[in-house]
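Engineer: Below is a structure I'd like to ask you about.
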Amino acid sequence: MSKKPIRLGMVGGGNDAFIGAVHRVAARVDGEYELIAGALSSTPEKARASGAALGLAADRTYDDFKSMAIREAKLKEGIEAVAIVTPNHMHAPVAREFLRRGIHVICDKPLTSTLADARKLVKVAEASDALFVLTHNYTGYPMIRQARDMIASATLGDIRVVQAEYPQDWLTEAEEVNANKQAEWRTDPARSGAGGCIGDIGTHAFNLLSFVTGLDAESLSADLQSFVSGRQLDDNAHVMLRFKGGARGMLWSSQVAPGNENALKIRVYGSKGGLEWAQEDPNYLWYTPFGEPKRLLTRGGTGATPSANRMTRTPGGHPEGYLEAFANIYTEAAAAIRSYVAGEPIPSGVQFPTIHDGLRGVQFIDACVKSSERNAAWVVV
Numbered sequence: 001m002s003k004k005p006i007r008l009g010m011v012g013g014g015n016d017a018f019i020g021a022v023h024r025v026a027a028r029v030d031g032e033y034e035l036i037a038g039a040l041s042s043t044p045e046k047a048r049a050s051g052a053a054l055g056l057a058a059d060r061t062y063d064d065f066k067s068m069a070i071r072e073a074k075l076k077e078g079i080e081a082v083a084i085v086t087p088n089h090m091h092a093p094v095a096r097e098f099l100r101r102g103i104h105v106i107c108d109k110p111l112t113s114t115l116a117d118a119r120k121l122v123k124v125a126e127a128s129d130a131l132f133v134l135t136h137n138y139t140g141y142p143m144i145r146q147a148r149d150m151i152a153s154a155t156l157g158d159i160r161v162v163q164a165e166y167p168q169d170w171l172t173e174a175e176e177v178n179a180n181k182q183a184e185w186r187t188d189p190a191r192s193g194a195g196g197c198i199g200d201i202g203t204h205a206f207n208l209l210s211f212v213t214g215l216d217a218e219s220l221s222a223d224l225q226s227f228v229s230g231r232q233l234d235d236n237a238h239v240m241l242r243f244k245g246g247a248r249g250m251l252w253s254s255q256v257a258p259g260n261e262n263a264l265k266i267r268v269y270g271s272k273g274g275l276e277w278a279q280e281d282p283n284y285l286w287y288t289p290f291g292e293p294k295r296l297l298t299r300g301g302t303g304a305t306p307s308a309n310r311m312t313r314t315p316g317g318h319p320e321g322y323l324e325a326f327a328n329i330y331t332e333a334a335a336a337i338r339s340y341v342a343g344e345p346i347p348s349g350v351q352f353p354t355i356h357d358g359l360r361g362v363q364f365i366d367a368c369v370k371s372s373e374r375n376a377a378w379v380v381v
């Protein structure tokens, strides 16, 4: 297979978009992609300015995503994959245009802003001759892969209790009225969807919990709040979870918790032991066999599993974090795309969130909103 960089396009992610820059860095880290085209803003002037700033050719900088999809699909050296980094409500229409033309999609989360759109997009993806990758980037951390391996091998025994939390503090005040673009669309139901905090970061916690444990949530009880006056969407969420097989869980996500920057954490407890991991200190995993002292497992250290080592770039003691984990998702996607194009099976060990993981995330958001509207009644996921 050719190791030429995969020709990549991007929709959204212009000059003032945080997540667009993150995706571009992630795509470049291992040299697997070359960004050659983009429709980088909903405003043509901003799209052209952003394209010029990134060094894109003028004829590969588009005013809208549909024109980009149509032309790039016809070009001999058109893009092979597209990164979608728009607000949530645009994920479905953008992905649909590229999937229908056989262009692989790498999409930011959540999958869509509504459950109806998510179900429709799954059908489009299943009918497409292209892969769909969802960038739940926290699944790319080495010690998360380590935790997943340990749970899958029954190191913890039967899983009984799982907890996930994701508190931030950046929306403690009404940033959406202070010309903060990131706050504006995240608190707008028309662009974000029915879930605010639960859709923005709660889905990350839910996805990570599901990825690590392999558990399938069957019902939940959610209490969503909008603490900031005038805010249309939730900024805090408490969720109780029941899983198939009998395990129980709790999930807390908040963007109004002063003192928390990006404090994603998970805890998993089984009949034989427990695990704890914190995103802000990601190179370490605490493992406690029942009745024994805690053990600190380190990224790249003794006892690291093969799948954890696959995600590791530097020797132990040299910190790796958010951008490297994001890059791991892009690199896994590149391996899958290269194999797919060659008509070969995706290599063993390659893992990335799929469109079905995305659907599960939107089902989670939908169930949380419905439950909260019914005074935290238990709702089937």
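Residue numbering for the sequence shown follows the UniProt record's numbering, starting at 1 and increasing by one per position. The C-beta atom is built at its ideal place from N, Cα and C for all residues, glycine as well.
1. For D108, count the other beta carbons within 10 Å of its own beta carbon; 16 or more makes it buried, fewer makes it exposed. Which is it?
2. If we call anything under 8 Å between Cβ atoms a contact, is residue 384 one with R299?
3. Along the alpha helix (DSSP H) that carries I144, what are the first and last residues, could you check?
4. Determine the DSSP secondary structure at V133, reduced to helix, strand or coil.
5. Can you grab the Cα-Cα spacing for the pair S192 / H238, in whole Å?
6. Just checking, does the stretch 198-211 make contact with the stretch 103-118 on the three C-beta pairs under 8 Å criterion?
7. If you reduce the DSSP assignment to three classes, tell me which class V94 lands in.
8. According to DSSP, G12 sits in a beta bridge with which residue or residues?
9. What three-state label does DSSP hand P167 in the structure shown?
10. Could you tell me which residues DSSP pairs with K265 in its beta bridges?
11. Helix, strand or coil for A237, going by three-state DSSP, please let me know.
12. Leaving out five residues on either side along the sequence, give the residues of the same chain with a beta carbon under 8 Å from the beta carbon of F326.
13. Looking at G252: is its Cβ nearer than 8 Å to the Cβ of P345?
14. Could you tell me which residues DSSP puts in a beta bridge with I79?
15. Output the distance between the C-alpha atoms of D117 and A154, rounded to the nearest integer angstrom.
16. When you compare the CB positions of V212 and A147, do they come within less than 8 Å of one another, or not?
17. By the three-class DSSP mapping on this structure, what secondary structure does W252 have?
18. When you compare only the Cα positions, how much space is there between A81 and L297?
19. Determine the direct distance from the alpha carbon of A335 to that of Y33, and round the result to whole angstroms.
Structural biologist: This is what the structure gives:
1. The sequence position of residue 108 within the sequence shown is 108, counting from 1. Buried, by the Cβ-count rule.
2. Nothing about residue 384 can be read from this structure; the chain reaches only from 1 to 381.
3. Position 144 of the sequence shown, counted from the first residue, corresponds to residue 144. Start and end: 142-152.
4. Position 133 of the sequence shown, counted from the first residue, corresponds to residue 133. Strand, per DSSP.
5. As a first step, residue 192 must be located in the sequence shown, where it is residue number 192. As a first step, residue 238 must be located in the sequence shown, where it is residue number 238. Using only the alpha carbons, I get a separation of about 19 Å.
6. yes
7. Along the sequence shown, one-based indexing puts residue 94 at 94. Looking at V94 - three-state DSSP - the assignment turns out to be helix.
8. Taking the first residue of the sequence shown as position 1, residue 12 is located at position 12. BP columns for G12 point to V85.
9. The sequence position of residue 167 within the sequence shown is 167, counting from 1. Strand.
10. Start at 1 with the first residue of the sequence shown, and residue 265 comes out as number 265. Looking at the DSSP assignment, K265 forms a beta bridge with E165, A278.
11. Against the sequence shown, residue 237 aligns to sequence position 237. A237 falls in the strand class under three-state DSSP.
12. By 1-based counting over the sequence shown, the position of residue 326 is 326. Hits under 8 Å: V22, H23, V25, A26, T135, N137, G140.
13. Locating residue 252 in the sequence shown gives position 252, where the first residue counts as 1. Locating residue 345 in the sequence shown gives position 345, where the first residue counts as 1. Checking the sequence shown, residue 252 turns out to be Trp, not Gly. Against a cut-off of 8 Å, the Cβ pair of P345 and W252 comes out as no contact.
14. The count along the sequence shown starts at 1 and reaches residue 79 at position 79. Its beta-bridge partners do not exist; DSSP assigns none.
15. Looking up residue 117 in the sequence shown gives position 117. Looking up residue 154 in the sequence shown gives position 154. Roughly 37 Å separates the two Cα atoms.
16. Here residue 212 corresponds to residue number 212 of the sequence shown, with the count starting at 1. Here residue 147 corresponds to residue number 147 of the sequence shown, with the count starting at 1. In this structure, A147 lies closer than 8 Å to V212 by Cβ.
17. For the purposes of this step, residue 252 is taken as residue 252 along the sequence shown, with counting starting at 1. Of the three classes helix, strand and coil, the one that applies to W252 here is strand, per DSSP.
18. Position 81 of the sequence shown, counting from 1, holds the residue named residue 81. Position 297 of the sequence shown, counting from 1, holds the residue named residue 297. Roughly 36 Å between the two C-alpha positions.
19. By 1-based counting over the sequence shown, the position of residue 33 is 33. By 1-based counting over the sequence shown, the position of residue 335 is 335. Taking the straight line joining both Cα atoms gives about 11 Å.
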